[in-house]
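See below for the structure under consideration.
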Amino acid sequence: MAEIERHSFDVLVVGAGGAGLRAAIAAHDAGAKVGIVCKSLLGKAHTVMAEGGIAAAMANVWKEDNWKVHFRDTMRGGKMLNHWRMAQLHAQEAPDRVRELEEWGALFDRTPDGLISQRDFGGHRYARLAHVGDRTGLELIRTLQQRAVALGIEVFMECTITKLFTSTSAASTEKRVSAGAGRISGAFGYWRESGRFIAFEAPSVVLATGGIGKSYKVTSNSWEYTGDGHALALEAGASLVNMEFVQFHPTGMVWPPSVKGILVTESVRGDGGVLRNSEGRRFMFDYIPEFFKAETADSEEEADRWYEDKTNNRRPPELLPRDEVARAINAEVKAGRGSPHGGVFLDIASRRTPEYIRRRLPSMYHQFKELADVDITAEPMEVGPTCHYVMGGVAVDPDTGESAVPGLYAAGEVAGGMHGANRLGGNSLSDLLVFGRRTGLNAAYAAGRRGERPTIGDEEIRAASEHALAPFGIEGGENPYTVQQDLQEVMHNLVGIIRTADEMKQALTDLAALRERITRLSVEGHRQYNPGWHLALDLHNMLRVSECIARAALERTESRGGHTRDDYPATDDSWGKVNLHCRLDGDGVGITREPLPQMPDDLRELFN
Amino acid sequence: MGYDLKMKVWRGDATGGDLVDYTVPVEEGEVVLDALHRIQATQSGDLAVRWNCKAGKCGSCSTEINGKPRLACMTRLSTFEPGETVTVTPLRTFPVVRDLVTDVSYNYRVAETVPAFAPEPRPADGQYRMQQVDVERGQEFRKCIECFLCQNVCHVIRDHEENKPAFSGPRFFLRYAELEMHPLDTNDRRALAREQAGIGLCNITKCCTEVCPEGIHITDNAIIPMKERVVDRSFDPVTWLGRKIFRRDQLPEAQVPQGRAE
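Line order of the protein sequences matches chains A and B.
If you count the first sequence from 1, position 262 lands on 262 in UniProt numbering, and the numbers rise without skipping.
If you count the second sequence from 1, position 239 lands on 239 in UniProt numbering, and the numbers rise without skipping.
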């Protein structure tokens, strides 16, 4: 076959959202030669859509705040299924990561005495989110992007990775270093623009590919969220943990149809917005779970006083963790008390002045005005749950971010464990900073220890090329867009917010049929910037991940966080000690139960 | 409420192309990008269009719609007359890759030439202090989603490929202004704004401001103040005399703030 473009790095970072950029900067700072590969143009990654803020116990607004409170909130929000060590590192290191952004040029909103301002969000005891209006993600990604450019880090834009190479995939003579998984040696992909192939040789690969939302019909996620990193890791021999936990953000737009699912930031509620049903009732007071009763207001008066005085009042139920609010909205709509377009009302217009709303929530104002003809300073929004985030991801060592495959790292949404059964708002931006940096550093150190760079054989590259070109070889086969739509229907209808065993068994049958169909995909045209071809390749990943979600969700016979079973509505303590891991098993996905890592006593005491 | 929309979409590559007619069923509340997606899904699976968030936040889907530079995801079909044909063409200022996708690498090359933010050291307590009113100027500029529509309409480069090497364009004047007005920045970028970014070539026709989907006042708040600062530095008689006496204009290159950080 013809020679293909080859590059060699110490650390290859896949993905240029917050986690990928932060990892690349850290690896560069540790002295590694770093390359970043990303599916889109630099600065367009999904991080750009994060709105509310970065959770970090900086105590700029509430002196009482510290990492222990943040740690406790995170664990409770995750229904205690989080990896305690990740939650601890996250809470301890987030403030430094935020200050570092400021050093690189980020302009956060300020407190009256000039410090970084912090806002309220669901599940957080104190106002804790460093923010820039409601476009914090843009500020974060732009800051990291500009830093990476200033450091001269090489970026391969609009380039998609389709395969990871390991020493076992090479059938090389190198000794296998652990049971099952070979050591990472590089990656293979294609340039979107030209369709030409490219190979990277690297002893350390950091996955920072984000989430899986595009497998669902209603989602706040961009087209890139096809579970690439999840699937690549699985196929390289790593395991995925907590895949049954998918977060449905309670407030996505519901109308008009073309914008269904687009995110409405939690800051609307953090800044005073309330949820009402068609009868005008603040229904969240009817849905306060036992677990959060002690810290949630039980009257509108107390809830409203809390915004001004957090010491003597309890938080409004609108600011319960996202899983609780999403389920409540779902139940209200099902009971026939929804809004005209099948959501509920989110009202800030009657509670705050137009000036306040426009200053605090400028992009929400803009978004509703432009896309729905709704003036949020004058009328309520209609909102409903939208697939937003996957808690599950590559199982990694908490301190280094390394997976079970030596040399393969994961950070950000593609990594699992940190958020347990449900992620708190604001904890994703801090997650990607804290663990982006950690994985980047450790990937660089490991590359240094390993010394020489690996090489990839022609045979491996030939196999990867053939796989990628397969859809061009079939005439009159399936349309990838139709298959994607069918997949989204299956996941939306059968593995959505509320789940039952029968529906998930049906989903697994349907997914098997879809897997059969993706072997017969056809694409028209040629290799140059061909979205149909790109989707055909992405579908492979989407199906792998969807199968993991459905299998894990069927296995967990309880309700907890982002996983609600109609047939097992209660939370079961025995399940509270178990993580489900997905691994590749032949051509399918196998599930194993593994004990939850137990936290040390000094941390356990925080929950007494 | 649905109807059949008539569209003309430019299809082709660097070697040439043409407008192709499509009839697309569309629904109430949809935007131009929805119609393009439907063409992809049902008629031309290989129609190339760049997009990401579909919510006006990432700035990927910049095209020219009926001749006007717009984000396809924020252009509602209800803004056209019923029966009106909607024509979508690629950004004219950048070379076509394929169909509606253009090669915007010029912008990324320019970005590499802007000297990095260089803050003063942290005070003893480790906390930078800035007032909200002082950060708001920069925050307006940092709303930029890098859709490059301002670059696309700027007449200095729109039909003048030859000006590109000497001209950074409105998006990067915004960046210079943002850094120049940042309360903590220590670099002086005024000379570079003139000599390297070519801010003098801008004759403030405000086309950039008009197309900015974020409503940033690029000309009034960034370019004009920046021009004033540059002029102060270059033509102030005292500074001029100082330069002549101390021969500052002949200092070696190393004195100019560098594009790369430590």
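By construction, the Cβ of each residue, glycine as well, lies at the ideal position given by its N, Cα and C atoms.
Please read all numbers here as calculations on a predicted model, not as lab measurements.
Around the Cβ of residue i, are there at least 16 other Cβ atoms within 10 angstroms (buried) or fewer (exposed)?
i, result
"residue 557 of chain A", "exposed"
"residue 335 of chain A", "exposed"
"residue 594 of chain A", "exposed"
"residue 363 of chain A", "buried"
"residue 90 of chain B", "buried"
"residue 430 of chain A", "buried"
"residue 161 of chain B", "exposed"
"residue 480 of chain A", "buried"
"residue 308 of chain A", "exposed"
"residue 598 of chain A", "exposed"
"residue 82 of chain B", "exposed"
"residue 7 of chain B", "buried"
"residue 1 of chain B", "exposed"
"residue 610 of chain A", "Any property of residue 610 of chain A remains undetermined from this structure, which presents chain A solely from 1 to 608."
For a quick check, are the C-beta atoms of residue i and residue j less than 8 Å apart?
i, j, result
"residue 149 of chain B", "residue 213 of chain B", "yes"
"residue 60 of chain A", "residue 111 of chain A", "yes"
"residue 555 of chain A", "residue 580 of chain A", "yes"
"residue 58 of chain B", "residue 33 of chain B", "no"
"residue 184 of chain B", "residue 140 of chain B", "no"
"residue 28 of chain A", "residue 34 of chain A", "yes"
"residue 531 of chain A", "residue 134 of chain B", "no"
"residue 97 of chain A", "residue 434 of chain A", "yes"
"residue 26 of chain B", "residue 39 of chain B", "no"
"residue 71 of chain B", "residue 56 of chain B", "yes"
"residue 274 of chain A", "residue 371 of chain A", "no"
"residue 346 of chain A", "residue 383 of chain A", "yes"
"residue 227 of chain A", "residue 545 of chain A", "yes"
"residue 193 of chain A", "residue 154 of chain A", "no"
"residue 229 of chain A", "residue 578 of chain A", "no"
"residue 224 of chain B", "residue 204 of chain B", "yes"
"residue 679 of chain A", "residue 108 of chain A", "There is simply no residue 679 of chain A to check, as chain A begins at 1 and stops at 608 in what is shown."
"residue 333 of chain A", "residue 276 of chain A", "no"
Determine which residues share a DSSP beta bridge with residue i and list them.
i, result
"residue 87 of chain B", "B:8"
"residue 18 of chain B", "B:11"
"residue 40 of chain B", "DSSP output for residue 40 of chain B lists no bridge partner at all."
"residue 203 of chain B", "None, per the DSSP bridge assignment."
"residue 579 of chain A", "A:594"
"residue 616 of chain A", "Residue 616 of chain A cannot be examined here, being either before or after the span of chain A that is shown, 1 to 608."
"residue 166 of chain A", "A:184"
"residue 3 of chain B", "B:26"
"residue 159 of chain A", "A:191"
"residue 240 of chain A", "A:394 and A:582"
"residue 502 of chain A", "In the DSSP output, where bridge partners are listed per residue, residue 502 of chain A has none listed."
"residue 521 of chain A", "A:478"
"residue 253 of chain A", "A:383"
Is DSSP giving residue i helix, strand or coil here?
i, result
"residue 154 of chain A", "strand"
"residue 590 of chain A", "strand"
"residue 207 of chain A", "strand"
"residue 108 of chain B", "helix"
"residue 191 of chain A", "strand"
"residue 157 of chain B", "helix"
"residue 387 of chain A", "strand"
"residue 342 of chain B", "Past the edges of chain B, shown from 1 to 262, lies residue 342 of chain B, and the structure says nothing about it."
"residue 10 of chain A", "coil"
"residue 121 of chain A", "coil"
"residue 62 of chain B", "strand"
"residue 332 of chain A", "helix"
"residue 171 of chain B", "helix"
"residue 284 of chain A", "helix"
"residue 108 of chain A", "coil"
Whether or not the stretch 109-120 of chain B and the stretch 183-199 of chain B are in contact is what I'm after, with contact meaning three or more pairs of Cβ atoms, one per stretch, closer than 8 Å; do they touch? With a cut-off of 8 Å, the stretch 109-120 of chain B and the stretch 183-199 of chain B count as touching, because enough Cβ pairs lie within range.
| If you pair each beta-carbon of the stretch 112-127 of chain A with each one of the stretch 42-53 of chain A, do three or more pairs fall below 8 Å? | Under the three-pair Cβ rule at 8 Å, the stretch 112-127 of chain A counts as touching the stretch 42-53 of chain A.
Q.
Check whether the stretch 139-152 of chain A and the stretch 18-30 of chain A touch, using three or more Cβ-Cβ pairs below 8 Å as the test.
A. In short, these stretches touch, since the Cβ pair count reaches three.
Quiz item: Is the stretch 91-108 of chain B close to the stretch 148-162 of chain B, with three or more CB pairs under 8 Å?
Solution: Per the Cβ contact rule, the stretch 91-108 of chain B is in contact with the stretch 148-162 of chain B (3 or more Cβ pairs under 8 Å).
Q. Would you say the stretch 193-213 of chain A touches the stretch 449-466 of chain A, given that touching needs at least three Cβ pairs under 8 Å?
A. Yes: the two stretches touch, three or more of their Cβ pairs being nearer than 8 Å.
inquiry  = Tell me whether the stretch 246-265 of chain A and the stretch 291-298 of chain A touch, counting them as touching only if at least three CB pairs, one residue from each stretch, are closer than 8 Å.
reply    = The answer is no - the stretch 291-298 of chain A does not touch the stretch 246-265 of chain A, with fewer than three Cβ pairs under 8 Å.
### Task
Examine the Cβ distances between the stretch 532-542 of chain A and the stretch 367-382 of chain A and report whether three or more of them are shorter than 8 Å.
Because the criterion of three Cβ pairs below 8 Å is not met, the stretch 532-542 of chain A and the stretch 367-382 of chain A do not touch.
Original post:
Should the stretch 236-248 of chain A be regarded as contacting the stretch 389-407 of chain A, the criterion being three or more beta carbon pairs within less than 8 Å?
Top reply: These segments touch.
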